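A.B. asks:
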Amino acid sequence: MAQKYYAVRRGRKPGIYRTWPETQAQVTGFSGAQYKSFTTASAADAFMKGQASSTGQRQTQSTARTAGTTESHADPAVITVYTDGGSRNTGNVAGGHVRTGDKAAWAYRIELPTEVVTGSAGEFGASNNRMEIMAFRNALQRLVELGQTQVNIEFVLDSQYVLNAVTKGWLAGWKRRGWKRSAGPLANAELWQAVDQLLPQFTHLRYQWTKGHATNQGNVFVDHLLNETMDQMGQERRQTTVQREPSQTAAKAPQAKATTPETKHTTTEKSVADIAKSLRDLPFHDH
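Take the sequence shown: its position 230, counting from 1, is numbered 1459 in the working numbering, and each next residue is one higher.
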C-alpha cells in the first residue's frame, strides 16, 4: 500500500500526520475541518501553506452531505471500497431463470489507511443483481461497524444497476412508491430498504464505475474472492461424498478376504481327519 501523508489544515491540532487514526482524532466532530491525504510530503506541506484550493474543499464538503451524490475529486478518498457479486446461472439461456442449485456469491474489499478488510459469502439460487446489492449493502454495514462514516469514501463497482439506483434517484423513487417500481414489484426490496437506511449515515461518499474483470486490480480481487467462495460451496459437497465412500469400502474388503479362505481351509482339514478316524474304527479282520 502506498505511503500517505495526512494534512490537517483546520482541526483540533493542525499538522501533517502519517496514520489515519491520528488524523481522525483531529477532524472527527470538528466543525469546518479541512484535511486531505497525499502520497508525498511536499504536496501535504503545500496544502498546509494554502497553495491548494480551499474553495474546492468547501464544495466537496457541502455536496457530500447528500448520500449518493458523486463528489468532486478535489479531495482524494481516504478509504476505497470495491464490491462485486456473481451467479453461476446454469439456466441463463433464452427464457431461462436462476435455478435453486445455482451457486452465487458476493465480496467486498475495504482499503483503509492502515489495513485491508475483506468479506464474502455465498447463497444458492440467487441472481447476479441480488449479489451485487448484497456486496454493496454489506460493505456499507462493515464501514459503520468500523466507525468509518465521516471520511471521504470512494466505492468502485462494475454494476450499473447498483450505481444508477444510488446516483440517479431510482432508490428515492422506489421508496416513494412503497418500494415498488413504476412497472410493478421491486426485486430484492428488503435489501434496498437496508441500503436506504445505511446511506444517510455517511457524509462523504462518491462512486466510480469500472469495467468488470478487466484491469482494475481491486475489482479483479473481489471477483476472484467471490469465485473462490462459490468454488468452496461446491467442494463442501464433493468432499463429504469422497470421505464417506472410501471408509465404507475399507471396512468390507478385509472381511471378505480373511473369512472365505479360512473357512474353506478349516473345513477341508476337518473332513480329512474325520475320514481317517472312521477308517481306524472299522472292524477289519485278518483272513
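Just so you know, even glycine gets a beta-carbon here, dropped at the ideal spot from N, CA and C. Small disclaimer: the values here were computed from a predicted structure and weren't measured.
Quick one, are the C-beta atoms of Y1311 and V1373 less than 8 Å apart?
C.D. replies: Position 82 of the sequence shown holds residue 1311. Position 144 of the sequence shown holds residue 1373. Contact flag unset, no.
A.B. asks: Here's the rule: buried if 16 or more other CB atoms are within 10 angstroms of the residue's CB, otherwise exposed. What is D1425?
C.D. replies: Here residue 1425 refers to the residue found at position 196 of the sequence shown. Counting Cβ neighbours within 10 Å, D1425 comes out buried, since at least 16 surround it.
A.B. asks: Does A1368 pass the burial test, meaning 16 or more other C-beta atoms within 10 Å, or should it be called exposed?
C.D. replies: By one-based count along the sequence shown, residue 1368 stands at place 139. Looking at its Cβ environment, which holds 16 or more other Cβ atoms inside 10 Å, A1368 is buried.
A.B. asks: Among V1451, G1413 and Y1234, whose alpha-carbon lies nearest the alpha-carbon of S1271?
C.D. replies: Locating residue 1271 in the sequence shown gives position 42, counting from the first residue. Residue Y1234 is the option with its Cα nearest to S1271.
A.B. asks: Per DSSP, which one or two residues make a beta bridge with W1438?
C.D. replies: The residue you call residue 1438 lines up with position 209 of the sequence shown. In DSSP, W1438 forms a bridge with L1386.
A.B. asks: Output the boundary residues of the beta strand (DSSP E) element that contains G1314.
C.D. replies: Residue numbering aside, residue 1314 sits at position 85 when the sequence shown is read from its first letter. I1308 to S1316 is the span of the beta strand (DSSP E), which, as asked, contains G1314.
A.B. asks: Can you name, in chain order, every residue of its own chain whose Cβ lies under 8 Å from the Cβ of A1416, other than the five neighbours on each side?
C.D. replies: Counting from one through the sequence shown, the residue named residue 1416 turns up at place 187. Correct list, in chain order: S1356, N1358 and R1359.
A.B. asks: Give the C-beta separation of L1428 and S1349 to the nearest angstrom, bearing in mind that I take them to be a contact with Cβ-Cβ under 8 Å.
C.D. replies: Locating residue 1428 in the sequence shown gives position 199, counting from the first residue. Locating residue 1349 in the sequence shown gives position 120, counting from the first residue. Wrong, their Cβ atoms sit about 22 Å apart, outside the cutoff.
A.B. asks: Could you give the residue range of the alpha helix (DSSP H) that holds R1359?
C.D. replies: As a working note, residue 1359 is residue 130 in the sequence shown. Element bounds for R1359: N1357 to E1374.
A.B. asks: Are G1463 and K1265 touching if we call contact CB-CB under 8 Å?
C.D. replies: Taking the sequence shown and counting its residues from 1, the one referred to as residue 1463 is at position 234. Taking the sequence shown and counting its residues from 1, the one referred to as residue 1265 is at position 36. In this structure, K1265 does not lie closer than 8 Å to G1463 by Cβ.
A.B. asks: Could you tell me the distance, in whole angstroms, from the CA atom of L1400 to the CA atom of Y1246?
C.D. replies: Residue numbering aside, residue 1400 sits at position 171 when the sequence shown is read from its first letter. Residue numbering aside, residue 1246 sits at position 17 when the sequence shown is read from its first letter. About 38 Å.
A.B. asks: Can you tell me which residues form a DSSP beta bridge with P1414?
C.D. replies: Stepping through the sequence shown from its first residue, residue 1414 is reached at position 185. Answer is K1409, bridged to P1414.
A.B. asks: Which residue wins for smallest C-alpha separation from F1431, given the options W1438, N1448, G1398 and I1382?
C.D. replies: To locate residue 1431, count along the sequence shown from 1; it is residue 202. Among W1438, N1448, G1398 and I1382, the Cα nearest to that of F1431 belongs to I1382.
A.B. asks: Quick check on this structure: which residue in Q1370, T1378 and R1238 has the alpha carbon closest to the alpha carbon of W1421?
C.D. replies: Here the question's residue 1421 lines up with position 192 in the sequence shown. It is Q1370 whose Cα lies nearest to the Cα of W1421.
A.B. asks: Excluding the 5 residues flanking I1339 on each side, which residues of the same chain have their C-beta closer than 6 Å to its C-beta?
C.D. replies: To locate residue 1339, count along the sequence shown from 1; it is residue 110. Result list for I1339: V1310 and V1346, in chain order.
A.B. asks: I'd like the list of long-range same chain contacts for T1269, defined as Cβ closer than 8 Å, with 5 residues on each side in sequence excluded.
C.D. replies: What you label residue 1269 is simply residue 40 of the sequence shown in a count that begins at 1. Around T1269: Y1234.
A.B. asks: Please name the residue or residues paired with S1266 in a DSSP beta bridge.
C.D. replies: Taking the first residue of the sequence shown as 1, we reach residue 1266 at position 37. BP columns for S1266 point to Y1235.
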